[in-house]
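Residue 403 in my numbering sits at position 391 of the sequence shown; the count goes up by one each step and never skips. These notes concern the structure reproduced below.
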Amino acid sequence: MKTSRIPGFYKMSIDERLKVVAEFAGLTDDEVQLLKTFGNLDPGIADRMIENVIGAMSYPLAAAVNFLINGKDYIVPMVIEEASVVAAASNAARLMRRDQGIKSVATAPVMIGQIQVIGLSDPWYKRMEVLEHKDEIMQRANEVDPVLVKFGGGARDVEARVVEGPRGPMLIVHLLVDVRDAMGANAVNTMVEKVAPLVERITGGKAHLKIISNLADRRLVRSWVKVYKEDLGGEDVVDAIVDAWAFAAADPYRTATHNKGIMNGVIAVALATAQDHRAIEAGAHAYAARTGRYMPLSVWEKDPEGNLVGSLEMPMAVGVIGGATKVHPVARIALKILGVKTANELAEVMGAVGLAQNFAALRALATEGIQRGHMELHARNLAIMAGATGELVDKIAEAMVKEGNVRFDRAKELLEEFSKK
Ligand code: MEV
């Protein structure tokens, strides 16, 4: 009987673990060899990044072009498994180059650390006492990370809220920390753990959870852009895009997809630069729902001259120092391609890419529909999979799209047909 109960698995070498998994799953020698191909990630680094490593998996890394953000040109590295996204971003960016391009501004990189204080009969009174000791709490927090303080970061404020929960009221203390160029989870988590005993002393309660909040609503990026109506094919297209946005603003079933389109761009850059993309994703959707109603992260309107104007506001907790950004060599290169030096600049680029990606999707949906572009790329992929090379790839893809029959077996048939000629 096969068992997944494997004591000491984590202590094994990569090869030993792979052998165990290969036996368990009946992997072929070729499959094992493929997993051993670590590519541009050194096995030693991979093995230190996470636990129980048995191999590495490559995704395509692409470069989106045409981005002009705050008057500066950027080539944007994107890692994604979905066709059309990078092409759409590049196309959108091409239409957004007027007037210094996309504007994008990030707030100070302030993250929130939470301390959950339970066991209080008088949380409202203790809230006052916590606020009374604000300076002491911040001072204690700053002692934990003198390097951050030296670089201009550190604790900025203390807030306290009484939150009603299913097990009664809790006092929730927020430590606001400027984390500078880090994503900040490590710095903030260390700080809240270190100040928790002081908070317990002040309140007489129990400091239960101490952890960063991914609803990073003090660390926002704001991006906005004007797309001229003549570049879009007229005011009808502007209206069509604004109507498409109105759908997202009214119906959560559409809002989720609208925001997913934004995240296509944001997360592709996050992956290329080895960010904690789950934190960004969690923050984005929590922020979108902050009013109690899930809303689009962007707004598209028509200006008095009939041009399309778009704006986006969302949390963007990213870092350019520490974590995987530091250890993954490709992430370092991605940052070099981007030419960003600070976490704030990276956040500004990611906001701009999200906005451009969103525009591209809405434009396609509001005009020709999304499937045509998708189908063309899909058809090319099928042609390649069927064995087509060179000019035949486009020829077969075009024929399938024209026939409305984009399928692998048809690609094979066409390949045979065209090869005979
Ligand atoms: C597909 O990955 C993303 C879109 O569905 C986004 C949208 O509908 O706005 C095209």
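Virtual Cβ for every residue (Gly too), placed ideally from N, Cα, C. Because the structure is a prediction, the values reported are computed rather than measured.
What are the complete beta strand (DSSP E) segments, minimum 3 residues, inside the region 38–82?
You should have 73–81.
Quick one: using the 10 Å Cβ neighbour count with 16 as the cut-off for buried, is Asp315 buried or exposed?
That one is exposed.
Is Ser116 closer than 8 Å to Asn82 when the C-beta atoms are compared?
Cβ distance < 8 Å, so Asn82 and Ser116 count as in contact.
Taking all protein chains shown into account, do 16 or more other C-beta atoms lie within 10 angstroms of the C-beta of Glu43, making it buried, or fewer, making it exposed?
Taking all protein chains shown into account, Glu43 has fewer than 16 neighbouring C-beta atoms within 10 Å of its C-beta and is therefore exposed.
Measuring alpha carbon to alpha carbon, tell me which residue in Asn52, His145 and Ala199 is nearest Val189.
Closest option to Val189, Cα to Cα, is Ala199.
Which runs of the beta strand (DSSP E) fall wholly inside the region 252–317 and span at least 3 residues, in chain order?
Runs of the beta strand (DSSP E) inside the region 252–317: 310–314.
Look up Arg173 in the DSSP assignment and give the residues it is bridged to.
Per DSSP, Ile184.
Using a threshold of 8 Å, state whether the C-beta atoms of His220 and Ile130 are closer than that.
Yes. Within cutoff.
Can you check which of these residues, Leu73, Val361 and Gly318, is closest to Gly246 by C-alpha distance?
Gly246 has its Cα closest to that of Gly318, out of Leu73, Val361 and Gly318.
Within the present structure, is the beta-carbon of Gly273 separated from the nearest heavy atom of ligand 1 by less than 7 Å?
Yes - ligand 1 has a heavy atom lying nearer than 7 Å to the Cβ of Gly273.
Tell me whether Leu389, by its Cβ, gets closer than 7 Å to a heavy atom of ligand 1.
Checking the Cβ of Leu389 against ligand 1 gives no.
I need the straight-line Cα distance from Val207 to Ala260, nearest angstrom please.
Cα-Cα distance, rounded: 42 Å.
Our contact map puts Gln3 next to His186 with C-beta atoms below 8 Å; I'd like the distance itself, whole angstroms only.
In the structure as shown, the chain starts at 13 and stops at 433, and residue 3 therefore has no counterpart that could be examined.
Could you give the residue range of the alpha helix (DSSP H) that holds Leu132?
No alpha helix (DSSP H) contains Leu132, which DSSP labels as neither H nor E.
How would you call Ala372, buried or exposed, if buried means at least 16 neighbouring beta carbons within 10 angstroms?
Residue burial is scored here from C-beta neighbours: Ala372 has at least 16 other C-beta atoms within 10 angstroms and is therefore classed as buried.
Closer than 7 Å by C-beta to Glu293: which residues in its own chain qualify, once you throw out the five before and the five after it? Chain order, please.
If we look at Glu293 and ignore the five residues flanking it on each side, its Cβ neighbours are Met275 and Ile279.
Say the cut is 7 Å; is the CB of Thr269 nearer than that to a heavy atom of ligand 1?
Yes, the beta carbon of Thr269 sits closer than 7 Å to at least one heavy atom of ligand 1.
Cα-Cα separation between Pro264 and Tyr306, rounded to whole angstroms:
Rounded to whole angstroms, Pro264 to Tyr306 spans 6 Å at the Cα level.
Answer yes or no: the CB of Asn276 versus the heavy atoms of ligand 1, is any distance below 7 Å?
Taking 7 Å as the cut-off, the C-beta of Asn276 counts as close to a heavy atom of ligand 1.
Does the distance between the C-beta of Glu403 and the nearest non-hydrogen atom of ligand 1 fall short of 7 Å?
Checking every heavy atom of ligand 1 against the Cβ of Glu403, none is found closer than 7 Å.
Go ahead and label Thr337 buried or exposed: buried means 16 or more other beta carbons lie within 10 angstroms of its beta carbon, across all protein chains shown.
Thr337 counts as buried, since no fewer than 16 other beta carbons sit within 10 angstroms of its beta carbon.
Ile214 versus Asn201: straight-line alpha-carbon distance, rounded:
Linking Ile214 to Asn201 through their CA atoms gives a straight-line distance of about 20 Å.
Please name the residue in Ala100, Val342, Val32 and Asp27 whose C-alpha comes closest to that of Arg17.
The shortest Cα separation from Arg17 among Ala100, Val342, Val32 and Asp27 belongs to Val32.
Taking three-plus beta-carbon pairs below 8 Å as touching, is the region 162–176 in contact with the region 297–306?
Under the three-pair Cβ rule at 8 Å, the region 162–176 does not count as touching the region 297–306.
Bridge partners - Asp85, DSSP secondary structure assignment:
Residue pairing of Asp85 in beta bridges, as defined by DSSP: Leu80.
Considering only the alpha carbon of each residue, which of Leu53, Ala99 and Glu35 lies closest to Glu388?
Check the Cα spacing between Glu388 and each of Leu53, Ala99 and Glu35: the tightest is with Ala99.
What is the DSSP secondary structure of Pro121, reduced to helix, strand or coil?
Here Pro121 sits in coil by DSSP.
Any heavy atom of ligand 1 closer than 7 Å to the Cβ of Leu283?
Annotation for Leu283 indicates a beta carbon at 7 Å or more from all heavy atoms of ligand 1.
Gln112, DSSP secondary structure in three states
Reduced to three states, the DSSP call for Gln112 is coil.
Can you find a heavy atom of ligand 1 that lies under 7 Å from the Cβ of Leu309?
Every heavy atom of ligand 1 is 7 Å or more from the Cβ of Leu309, so no.
Return yes when the Cβ of Val339 is within less than 8 Å of the Cβ of Met108, no when it is not.
Using a Cβ distance threshold of 8 Å, Met108 and Val339 do not count as a contacting pair.
Going by DSSP, which residues form a beta bridge with Lys238?
Answer by DSSP bridge pairing, in chain order: Val321.
Between the Cα of Leu434 and the Cα atoms of Ala411, Ala58 and Ile66, which residue gives the shortest distance?
Nothing can be reported for residue 434, as the shown portion of the chain is limited to 13 through 433.
With burial defined as no fewer than 16 other Cβ atoms inside 10 Å of the residue's Cβ, what is the status of Phe79: buried or exposed?
Flag for Phe79 reads buried.
Go ahead and pull the three-state DSSP assignment for Gly166.
Strand.
Leaving out five residues on either side along the sequence, give the residues of the same chain with a beta carbon under 8 Å from the beta carbon of His386.
Around His386: Ala95 and Ser96.
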